[in-house]
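A short write-up of the structure that comes next.
In UniProt numbering, the protein residues as written are 1 to 510.
Shown next as structure tokens:
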């Protein structure tokens, strides 16, 4: 056990640590029984024979109860008095803190209910209805958002949502403002797909009167924009505007439109294509950057010990079958090119991780069109991704962040950027982690022999670089890139733009 756990002299360990490392798989009942016996062993190891005897009796009762309930451990495990090893933690604090918080929330709920019954409720909650212009309650406060809100001019619609005949500039302007508010509500509510019918928010931020107060201030400006041709729907574009309008009408779109038409993009843009060795977009020499050299010590330690992110097999997600779209006649050429560019290493199948039933956790390769002469090579690593945790290191901006930028009349925005070619394949992996990135079919013995290896030993190609498809690829690559920029004097904290945080106050946003 000490050798399997890698225990060094003086390091504390328990039998339960050894049991958690075993591949129990779907045999969770046996895993529970093993944890019971381990607790008895721990008591004996500590010299507490009375507690060990009592625990053994309770364990026997629990096993009998599980048999009586056809293998159900819900009530049987309570007889052991031990924490459930398969129970996921649902509270971040201690049991004492949970009891205090629960009592507080229960008392607060009873107080609100009593005040509501007596009619002395001074402050309503979001769930309490109040009288107003609409069915939903209106939030109060001095900093309340504008959306979602009621339509400012509902009288412009029939009860079935059909627009009245628009004959005046005022009617056209009111319909336009209704559409603007509806679109803003749609975006703020997370762009619902509409499959479940109407999507009404629990709380509205502005009543109809409140929305009309803002809309009336814009109504005159919108009316001034209107023209007779626009009202009669006879407006046409000439010159450069006509060219732009014609271009927009012919522009292919890969997403559904709101008028029901679905213009289709080129079929090969978003589908998994077969891998062709001559079209793979790979660097001449991969893995030239070691992330551990640039990351801060804490993150570098995690990167060099990625095995610690792997989970016990009993808590794995369902292991899928990878998509491998390399034609058999192309397999040898593809592997040879990956070997020539130092993207993969050949590893014996006996060293590769497997499931409890002996199945290899092998990934696959497929391509996505990049341009006319190259395809992006994607590593479908879902089998291994389902066995490990996500790092959540990437903190990226979003286009919505730029709505917080305020420019003075004498200022303008200038942006610059660059696309790093083969970004992920430039980053190397630790040697100990290469065997967890196997891909494709068994390598041709002739290719194995050409690498001065024994062709009689079955081998698989394993990525020695960060693959596009690794569950932590974006987090590791982004953290490495940011560390390199910081060591070059860039990416200062006060100028970094991150979604969900306040916008930088400096004149430079990175």
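Where is the CB? At the ideal position from N, CA and C, for every residue including glycine. Remember, predicted model here, so these are calculated numbers, not experimental data.
{"Check": "Taking the alpha carbon of residue 497 as the reference point, which residue from 449, 489, 345 and 397 has its own alpha carbon closest?", "Outcome": "397"}
{"Check": "Does residue 375 pass the burial test, meaning 16 or more other C-beta atoms within 10 Å, or should it be called exposed?", "Outcome": "buried"}
{"Check": "Pull up the DSSP beta-bridge partners for residue 369, would you.", "Outcome": "375"}
{"Check": "Can you give me the C-alpha to C-alpha distance between residue 94 and residue 100, rounded to a whole angstrom?", "Outcome": "10 Å"}
{"Check": "Taking only three categories from DSSP, how would you classify residue 108?", "Outcome": "helix"}
{"Check": "With burial defined as no fewer than 16 other Cβ atoms inside 10 Å of the residue's Cβ, what is the status of residue 64: buried or exposed?", "Outcome": "exposed"}
{"Check": "Determine the burial state of residue 154: buried for a count of at least 16 other Cβ atoms within 10 Å of its Cβ, exposed for fewer.", "Outcome": "exposed"}
{"Check": "To the nearest angstrom, report how far apart residue 506 and residue 495 are at their CA atoms.", "Outcome": "6 Å"}
{"Check": "Could you give the residue range of the beta strand (DSSP E) that holds residue 461?", "Outcome": "459 to 463"}
{"Check": "One question on the structure: do residue 24 and residue 31 come within less than 7 Å of each other, judged by their Cβ atoms?", "Outcome": "yes"}
{"Check": "Assuming residue 362 and residue 438 make a contact with CB atoms under 8 Å, what is their CB distance in whole Å?", "Outcome": "5 Å"}
{"Check": "Taking C-beta to C-beta, are residue 43 and residue 34 nearer than 7 Å?", "Outcome": "no"}
{"Check": "Work out the CA separation of residue 188 and residue 404 for me, nearest whole Å.", "Outcome": "16 Å"}
{"Check": "Could you tell me whether the Cβ atoms of residue 400 and residue 478 are closer together than 7 Å?", "Outcome": "no"}
{"Check": "Is the CB-CB distance between residue 326 and residue 365 below 7 Å?", "Outcome": "yes"}
{"Check": "Would residue 441 count as contacting chain C if we go by Cβ distances under 7 Å?", "Outcome": "Within the model displayed, chain C is absent; a lone protein chain is all it includes."}
{"Check": "Determine the contact status of residue 448 and residue 459, defining contact as a CB-CB distance below 7 Å.", "Outcome": "yes"}
{"Check": "What span of residues does the alpha helix (DSSP H) with residue 346 cover, start to end?", "Outcome": "Per DSSP, residue 346 belongs to no alpha helix (DSSP H); it is in the beta strand (DSSP E), 344 to 348."}
{"Check": "Give the range of the alpha helix (DSSP H) segment to which residue 481 is assigned.", "Outcome": "473 to 487"}
{"Check": "So is residue 412 buried or exposed if we call it buried at 16+ other beta carbons inside 10 Å?", "Outcome": "exposed"}
{"Check": "Give the secondary structure of residue 364 by DSSP, where H, G and I count as helix, E and B as strand, and everything else as coil.", "Outcome": "strand"}
{"Check": "May I ask you to verify whether the region 325 to 340 touches the region 46 to 60, counting CB pairs closer than 8 Å and requiring at least 3?", "Outcome": "no"}
{"Check": "Can you have a look at residue 414 and say buried or exposed, based on whether 16 or more other CB atoms are within 10 angstroms of its CB?", "Outcome": "exposed"}
{"Check": "Can you tell me whether DSSP reads residue 319 as helix, strand or coil?", "Outcome": "coil"}
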